[in-house]
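In the working numbering, the protein residues as written are 11 to 443.
As structure tokens, the structure follows; a few thoughts come after it.
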Amino acid sequence: MAETRFRLPKKYQHREYPDITHNVRCEFPVRGWDQAYALTLGREASNPRPYAFAEIHQTYAPFTDGFVSYSDGCHDDVNKVIWSMRAWDPQLDVREILEDYGSFFFNKTVAGATADGIAALENNWKGPLVQNGGVEATFAFWKNLETANLTLKGNWRWQMLLLRAYYDTYTKRRLTYEQSLEKQANALLSEAHKTGAEKAMEAALETVNKADKVNIAPELRQKIEQLCADLFASVGLQTSVPKYQAKGYERGAVLDFVDYPLNNRWWLADELKKISALTSNEAKLLRLKTISTWENPGPGSFYDDVSSVAKGPRVKTVSEDATDVAWWQEGFSRMRLSSQLFQKCPELVYDNLQPGARYILRVVGEGEALLRVDNYRLQPTVYNRETESVKEWIVPLSLTQDGKLHVTFDEPEESHLNWRKQSKISDVWLLKQ
């Protein structure tokens with residue numbers, strides 16, 4: 011934007027068209043968004059981001075002459091007010107704006123509490139969801155507000171904020187529960203060499219599918235359903251394609267994804283069918299070992315889900331596609347969750363490696379992966395381009411003598427391809443041999 015203003019003759023004004031409405035695949039994606047949110051709330055959920063958009067406005071306003079904001083509905087209402095008020099007076103305090111919002115649209119008695127509650131909802135989206143203890147605190151805060159202000163029950167802005175508080179909490183509880191079930195299933199698969207492949211697969215699938223049989227928070231699920239119905243009645247918010255005639259599943263249909271799997275049970279079911287069809291017991295056990303150790307490759311080895319703030323501790327890139335969703339099958343893909351999110355050119359840093367040990371770098375993704383280690387381009391020993399296929403490189407001993415590695419990827423020239431067809435990297439392992 012600064013370059014455009016610099017190159018533009020002074021006689022021309024430069025109006026901004028900020029995208030205040032989307033969460034992913036957009037101009038200002040949510041930084042470090044947890045995968046669970048990306049797969050459920052998606053691109054057009056209720057998204058109050060007051061402090062983020064105040065900062066974004068402050069960054070770009072000096073290079074522009076006014077704005078016309080890009081909005082796709084009422085779900086971004088708080089962002090509209092923040093951007094408009096800061097454009098009117100860039101010095102306005104964000105909390106003061108939020109208090110005015112609460113006072114004007116709700117009532118003066120809840121102005122301060124509303125400001126705190128909206129800020130808390132923004133903080134719900136920061137960092138790994140499982141570790142974000144603020145989500146439950148935010149939920150308790152909004153639930154108390156809801157109980158104490160029943161006269162606001164029919165106010166659509168109020169309903170929108172309550173929906174997020176309930177949805178975030180439901181997603182957090184589901185994520186914790188469903189990831190726990192997957193760990194149990196992987197433990198069962200790891201014992202396949204003792205119990206037998208078929209018995210291990212049956213037990214693992216039964217375990218991971220408990221998520222469909224036992225709802226971890228039915229009262230929250232029911233409330234989300236009710237709030238979506240209330241919002242359709244009050245302001246026509248279309249949170250579902252079949253129920254409320256949303257234009258498409260990508261367009262804020264959060265109700266349709268409220269129970270989307272947050273573990274890999276769909277993928278696992280499909281993989282286990284393929285394994286059952288194998289004729290060799292040895293091949294079955296080898297594949298089951300790969301699945302059971304996918305995220306835990308063993309002592310001295312490392313795994314990173316490159317788009318996960320929870321499972322990518324060595325990933326240093328914060329890029330526009332760092333929490334992007336490939337959006338296969340209208341969002342209902344049965345692919346492994348890590349494969350549905352990606353980066354094009356992740357950067358990873360490893361330390362505390364064992365000098366003298368031999369390592370292999372393994373990548374799962376789609377298309378090309380032009381890997382460099384400590385700025386040296388390595389030649390692969392295995393190189394498959396299909397989705398969820400494996401590429402491997404042997405790391406030269408000379409590069410690990412200092413106990414550190416810096417892994418980067420060059421971006422392939424794919425401007426002729428639609429973004430959905432361009433190369434993606436989802437999983438990276440450094441495996442000690």
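We put the CB at the ideal spot given by N, CA and C, even for glycine.
Considering only C-alpha positions, which residue in the set R183, N362, M170 is nearest to A227?
Walking along the sequence shown from the start, residue 227 turns up at place 217. Per the Cα distances, R183.
Quick one: what's W403 bridged to in DSSP?
On the sequence shown, position 393 is the one that residue 403 refers to. In the DSSP output, where bridge partners are listed per residue, W403 has L371.
Going by beta-carbon coordinates alone, are E188 and N273 separated by less than 7 Å?
If you number the sequence shown from 1, residue 188 lands on position 178. If you number the sequence shown from 1, residue 273 lands on position 263. Cβ atoms of E188 and N273: closer than 7 Å.
Out of Q432, L102, L440, K209, which one is the CA nearest neighbour of W403?
If you number the sequence shown from 1, residue 403 lands on position 393. For W403, the nearest C-alpha among the options comes from L440.
Tell me which same chain residues have a C-beta within less than 7 Å of the C-beta of A55, skipping the five on either side of it?
Mapped onto the sequence shown, residue 55 falls at position 45. Excluding residues within five positions, the ones whose Cβ falls inside 7 Å are N33, H85, G262, V264.
Measuring alpha carbon to alpha carbon, tell me which of K354, S200, R387 ends up nearest E378.
Translated into the one-based positions of the sequence shown, residue 378 becomes position 368. Among K354, S200, R387, the Cα nearest to that of E378 belongs to K354.
What would DSSP say about D103, mapped onto helix, strand or coil?
On the sequence shown, residue 103 is found 93 positions in, with the first residue counted as 1. Three-state result, D103: coil.
Take every Cβ of the segment 304-319, pair it with every Cβ of the segment 238-250, and state whether three or more of those distances are shorter than 8 Å.
No, because fewer than three Cβ pairs between the segment 304-319 and the segment 238-250 fall closer than 8 Å, the two stretches do not touch.
May I ask which residues mark the beginning and end of the alpha helix (DSSP H) holding F151?
Position 141 of the sequence shown, counting from 1, holds the residue named residue 151. Taken as a continuous stretch (DSSP letters only), the alpha helix (DSSP H) holding F151 covers 144-158.
Considering only the beta carbon of each residue, do G127 and F149 sit closer than 7 Å?
Along the sequence shown, read from residue 1 onward, the residue named residue 127 stands at position 117. Along the sequence shown, read from residue 1 onward, the residue named residue 149 stands at position 139. No, the Cβ-Cβ distance between G127 and F149 is not below 7 Å.
Going by CA-CA distance only, name the one from P100, A48, K414 that's closest to Y177.
As a first step, residue 177 is located in the sequence shown; it is residue number 167 there, counting from the start. Checked all of P100, A48, K414; the closest Cα to Y177 is A48.
From V145, K209, P60, pick the residue whose C-alpha is nearest to that of T179; which is it?
Walking along the sequence shown from the start, residue 179 turns up at place 169. Among V145, K209, P60, the Cα nearest to that of T179 belongs to V145.
Please list, in chain order, all residues of the same chain as D331 whose beta carbon is under 7 Å from its beta carbon, the five residues on each side excluded.
The sequence position of residue 331 within the sequence shown is 321, counting from 1. Low local confidence applies: a pLDDT of 48 at D331 is under 50, so the model's placement there is unreliable, and no value is given.
Can you tell me whether Q194 is helix, strand or coil according to DSSP?
One-based indexing of the sequence shown puts residue 194 at position 184. In the structure shown, Q194 sits in a helix (DSSP, three-state: H, G or I).
Determine the DSSP secondary structure at K442, reduced to helix, strand or coil.
Within the sequence shown, the letter at position 432 stands for residue 442. In the structure shown, K442 sits in a strand (DSSP, three-state: E or B).
Is the beta carbon of L381 sitting closer than 7 Å to the one on F419?
Translated into positions along the sequence shown, residue 381 becomes position 371. Translated into positions along the sequence shown, residue 419 becomes position 409. Cβ distance < 7 Å, so L381 and F419 count as in contact.
Do you know offhand how far N291's Cα is from P138's?
Counting from 1 along the sequence shown, the entry for residue 291 is found at position 281. Counting from 1 along the sequence shown, the entry for residue 138 is found at position 128. C-alpha separation (whole angstroms): 38 Å.
For the beta strand (DSSP E) containing T418, name the first residue and the last one.
The residue labelled residue 418 in the question sits at position 408 within the sequence shown. Counting along the chain, the beta strand (DSSP E) containing T418 begins and ends at 415-420.
Would you call the CB atoms of R387 and V359 closer than 7 Å?
Position 377 of the sequence shown, counted from the first residue, corresponds to residue 387. Position 349 of the sequence shown, counted from the first residue, corresponds to residue 359. No, Cβ-Cβ distance for R387 and V359 is not below 7 Å.
Cα-Cα, which of L282, K321, L108 is closest to Q141?
The count along the sequence shown starts at 1 and reaches residue 141 at position 131. Cα-wise, what sits closest to Q141 is K321.
What does the alpha-carbon distance come out to for the pair R174 and L131?
Walking along the sequence shown from the start, residue 174 turns up at place 164. Walking along the sequence shown from the start, residue 131 turns up at place 121. Each residue's alpha carbon lies about 7 Å from the other.
V359 by DSSP, collapsed to three states: which one?
Here residue 359 refers to the residue found at position 349 of the sequence shown. If DSSP states are grouped into helix, strand and coil, V359 belongs with the strands.
List the whole-angstrom C-beta distance separating H67 from W93, where the pair is believed to meet the contact cut-off of C-beta under 8 Å.
In the sequence shown, counting from the first residue as 1, residue 67 sits at position 57. In the sequence shown, counting from the first residue as 1, residue 93 sits at position 83. Yes, H67 and W93 are in contact; Cβ-Cβ is about 6 Å, under 8 Å.
How many Å lie between L288 and K294 at the Cα?
For the purposes of this step, residue 288 is taken as the residue at position 278 of the sequence shown. For the purposes of this step, residue 294 is taken as the residue at position 284 of the sequence shown. Between L288 and K294, the C-alpha separation is close to 6 Å.
According to DSSP, L380 sits in a beta bridge with which residue or residues?
Residue numbering aside, residue 380 sits at position 370 when the sequence shown is read from its first letter. Answer is D420.
Using a threshold of 7 Å, state whether the C-beta atoms of T217 and L191 are closer than that.
If you number the sequence shown from 1, residue 217 lands on position 207. If you number the sequence shown from 1, residue 191 lands on position 181. Contact: yes.
Would you report the Cα separation of A279 and T14, rounded to the nearest angstrom?
Within the sequence shown, numbered from 1, the residue matching residue 279 stands at position 269. Within the sequence shown, numbered from 1, the residue matching residue 14 stands at position 4. Answer to the nearest angstrom: the Cα atoms are 51 Å apart.
Which ranges would you report for the alpha helix (DSSP H) in the segment 213-265 if only whole runs of at least 4 residues count?
The segment 213-265 contains these whole alpha helix (DSSP H) runs: 220-223, 228-245, 251-254.
By Cβ distance below 6 Å, which residues in the same chain neighbour G42 in space, the five residues on each side in sequence not counted?
Here residue 42 refers to the residue found at position 32 of the sequence shown. Hits under 6 Å: V319.
Does DSSP put K326 in a helix, in a strand, or in coil?
Counting from one through the sequence shown, the residue named residue 326 turns up at place 316. K326: coil per DSSP, three-state reduction.
How about G375 and K414: are their beta carbons less than 7 Å apart?
Translated into the one-based positions of the sequence shown, residue 375 becomes position 365. Translated into the one-based positions of the sequence shown, residue 414 becomes position 404. Their beta carbons are not under 7 Å apart, which means G375 does not touch K414 by this criterion.
Please identify the residue among A256, Q389, Q101, E229 whose C-alpha is closest to the C-alpha of I370.
Counting from 1 along the sequence shown, the entry for residue 370 is found at position 360. Residue Q389 is the option with its Cα nearest to I370.
Tell me E26's beta-bridge partners as DSSP assigns them.
Your numbering for residue 26 matches position 16 in the sequence shown. E26 is bridged to F77.
Specify, as a first and last residue, the run of the beta strand (DSSP E) that F312 falls within.
On the sequence shown, position 302 is the one that residue 312 refers to. Element bounds for F312: 312-315.
Can you name, in chain order, every residue of its own chain whose Cβ lies under 8 Å from the Cβ of G122, other than the five neighbours on each side?
Position 112 of the sequence shown, counted from the first residue, corresponds to residue 122. Same-chain partners within the cutoff: E109, G112.
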